[in-house]
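The structure appears right after this line, and notes come after that.
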């Protein structure tokens, strides 16, 4: 039987590059798509006119399928979808919101729609709203995160028993071995974020990329739970957040500390102490900045190597 | 090559039943060992004289290898080890403490020593102290938990690249599929806790077992982080803890709320609202109370089935 994710998107490898704010521009997206994965532009940090520019540049840079990730909480989502439809984009991942709001509209324009979730309830909502596939993202993932704190190891089997939709696992997946584990748990494919932030083509600031290489075990932490849970690197900004949280701060206090442009400051402009650095636990497993195509090829090679080993594993 | 965990303990399946407080008495331990896994008595909730009784009853109930789990933080650890040595126990798992304190002494008595960890730093300490194997336990696990909050998906590859010691994965493992995922990540075997709490032979109160069946996605939460992180079922006691934490309570406030005997009250005496119910996220995947031997056989059958499927998985 063919791979449901590779078939759905017309790609070679069932590996999606997450559409992340400040990191996933046309360079990364086209590099991943050219190498046989599915690249996603991260619209969450793009003004509509910037998104339009990235879509056009991406089209010039690849003839392979690529898509756009749109977090539904942003204010100018309508304008973003206008552009996406006008530019003839055929793959959209929606996240951080309700899948029922946009799925029907997008599908009427012949768009394949995937929604990102972190719990069973949202998976059921996805099924009702008619999405083509689901990304289920565990607690170890970078950036915005579910309130249930369900990890990838628990979440994937839970979602697999909830729905028969094509399922993409995310959270903690940065190597061929973790891809193998995700497939073992019942996923059809994987979405990879952190590993691609640390790629040559990502638009993350070099100082941020360096911080990823340095982040070891326990180097990230889920914070801002009273506002929206987000996984961050432990830098000065994180410690300020943590101190406030420890003393029982209100959501308003936290929002005030966060202010505006904090993620851009850290991830795009490279202020690694006062900026917000969103990355997953998998950062601890990342030891090099590589071209995105090489990352993909390494993952597939390690997947096949580990699968062979697993075939030879003896119980006794 | 033979399985390093099965060989180390002289067992049939590389599945360890976690030695859990209030749940792992001689009935569960002997049932697991008789069925081909490794049963562990949970000494953490036993007065020394009770431990002695359970060891003797377990010896009568099985001729197969079994062991004892000793959390090193308890006050009467010396007496427990005296009994363990006197009774000729040959397998000890230590947890919640420093592996250097007891490993040499135990090994001088011909005991195979395994230590439970949740981070890279402790894995290195295990190697230096000469333990025979490591249990690496992720954030999704029930009960006491690491401060780093590293999930099984991230922790296992991290520990695998840190040490070549035989490695047992724990946290979120309740089925053959999650066992397969853990092995794919680099573990040699698995330790299973929650699934065995929900067994016929466990000494958990029937009302607690029922709560496990009812716990869905997000049904547990990591709490008491300012004292020692512990994963609990969301009941009245949990909500009191959570409220205190949200308002910035001190460790002393939390300890006062916890009081004494709270875990016994919930897990052993069956007060599922005011008691402390320690269980892992995998509870969401548990739908039946079964004999421990049946749980083991189901896990192995599902493991082999899922491994066969994984062999047939197509990337394109």
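Residue numbers (the numbering used here), protein chains in the order written: chain R, 327 to 642; chain C, 327 to 642.
C-beta: ideal position from N, C-alpha, C; glycine also.
Because the structure is a prediction, the values reported are computed rather than measured.
Check: Going by beta carbon distance, what residues of the same chain come within less than 7 Å of residue 384/R, once the five residues before and after it are set aside?
Finding: 352, 355, 356, 367, 392
Check: So what does DSSP say about residue 355/C, is it helix, strand or coil?
Finding: helix
Notebook entry, point to check: Helix, strand or coil for residue 397/C per DSSP?
Noted result: strand
Next item on the list: Just the C-alpha distance for residue 376/R and residue 420/R, rounded to the nearest angstrom, thanks.
Entry: 18 Å
Check: If you draw a straight line from the C-alpha of residue 628/C to the C-alpha of residue 594/R, how long is it?
Finding: 46 Å
Margin query: Starting from residue 435/C, trace the beta strand (DSSP E) in both directions and tell me its first and last residue.
Written below: No beta strand (DSSP E) holds residue 435/C; DSSP gives it neither H nor E.
Notebook entry, point to check: What is the DSSP secondary structure of residue 630/C, reduced to helix, strand or coil?
Noted result: helix
Next item on the list: Note down, in chain order, every chain R residue with its Cβ under 7 Å from the Cβ of residue 329/C.
Entry: 640, 641, 642
Next item on the list: Would you please verify whether the beta carbon of residue 607/R is less than 9 Å from any beta carbon of chain C?
Entry: yes
Next item on the list: Flag residue 459/R as yes if its beta-carbon sits less than 9 Å from any beta-carbon of chain C, otherwise no.
Entry: no
Next item on the list: On a CA-only basis, which of 641/C, 335/C, 333/C, 340/C is nearest residue 517/C? Give me that one, please.
Entry: 340/C
Note to self: Using the three-state DSSP reduction, which class does residue 638/C fall into: helix, strand or coil?
What the structure shows: helix
Note to self: Tell me which residue opens and which closes the beta strand (DSSP E) that residue 499/C is part of.
What the structure shows: Neither: residue 499/C is in no beta strand (DSSP E) and is coded neither H nor E.
Next item on the list: Check whether the Cβ atoms of residue 621/R and residue 538/R lie closer than 9 Å to each other.
Entry: no
Notebook entry, point to check: If we ignore side chains and look at the alpha-carbon of each, how far apart do residue 336/R and residue 328/R end up?
Noted result: 11 Å
Next item on the list: Within the same chain, show all residues whose beta-carbon is closer than 7 Å to that of residue 348/R, passing over the 5 residues directly before and after it, in chain order.
Entry: 371, 529, 530, 589, 590, 593, 594
Notebook entry, point to check: Would the beta-carbon of residue 449/C fall within 9 Å of that of residue 437/C?
Noted result: no
Check: Among the residues of its own chain, which have a CB less than 7 Å from the CB of residue 359/R, if the five just before and after it don't count?
Finding: 365, 388, 390, 391, 392
Checklist line | Buried or exposed (CB count within 10 angstroms, at least 16 for buried), residue 427/R | finding: exposed
Item checked: Chain-ordered chain C contacts of residue 446/R [CB-CB under 9 Å] -> 542, 543, 544, 610
Check: Among 396/C, 560/C, 618/C, 401/C, which one has its Cα closest to the Cα of residue 425/C?
Finding: 396/C
Margin query: With a threshold of 8 Å, are at least 3 pairs of Cβ atoms found where one atom belongs to the segment 455 to 469 of chain C and the other to the segment 550 to 570 of chain C?
Written below: yes
Check: Could you give the uninterrupted runs of the alpha helix (DSSP H) lying entirely in the segment 452 to 522 of chain C, keeping only those of 4 residues or more?
Finding: 478 to 488, 502 to 510
Check: Is residue 503/R buried or exposed, if buried means 16 or more other CB atoms sit within 10 Å of its CB?
Finding: buried
Item checked: Proximity winner among 526/C, 473/C, 512/C, 485/C, relative to residue 451/C (alpha-carbon distances) -> 485/C
Next item on the list: Check the Cβ-Cβ distances between residue 466/C and every residue of chain R, and say whether any is below 9 Å.
Entry: yes
Next item on the list: List the whole-angstrom C-beta distance separating residue 338/C from residue 642/R, where the pair is believed to meet the contact cut-off of C-beta under 8 Å.
Entry: 6 Å
Margin query: Give me the chain C residues within the contact set of residue 479/R, using Cβ-Cβ distance strictly less than 9 Å, ordered along the chain.
Written below: 464, 466, 477, 478, 479, 497, 498, 499, 504, 507, 508, 607, 608
Notebook entry, point to check: What does residue 340/R touch in chain C if you count any residue whose Cβ is under 7 Å from its own?
Noted result: 641
Note to self: Using beta carbons (cut-off 9 Å, strictly below), is residue 408/R in contact with chain C?
What the structure shows: no
Check: Quick one, are the C-beta atoms of residue 462/R and residue 496/R less than 9 Å apart?
Finding: yes
Next item on the list: Output the distance between the C-alpha atoms of residue 401/C and residue 407/C, rounded to the nearest integer angstrom.
Entry: 12 Å
Next item on the list: Determine which residues share a DSSP beta bridge with residue 549/C and list them.
Entry: 556/C
Next item on the list: Take the Cβ of residue 638/R as the centre, count every other Cβ of all protein chains shown within 10 Å, and call the residue buried at 16 or more, exposed below.
Entry: exposed
Checklist line | Where the segment 505 to 536 of chain R meets chain C: residues whose CB sits under 8 Å from a CB there | finding: 506, 507, 508, 509, 510, 511, 512
Next item on the list: Determine the DSSP secondary structure at residue 362/C, reduced to helix, strand or coil.
Entry: coil
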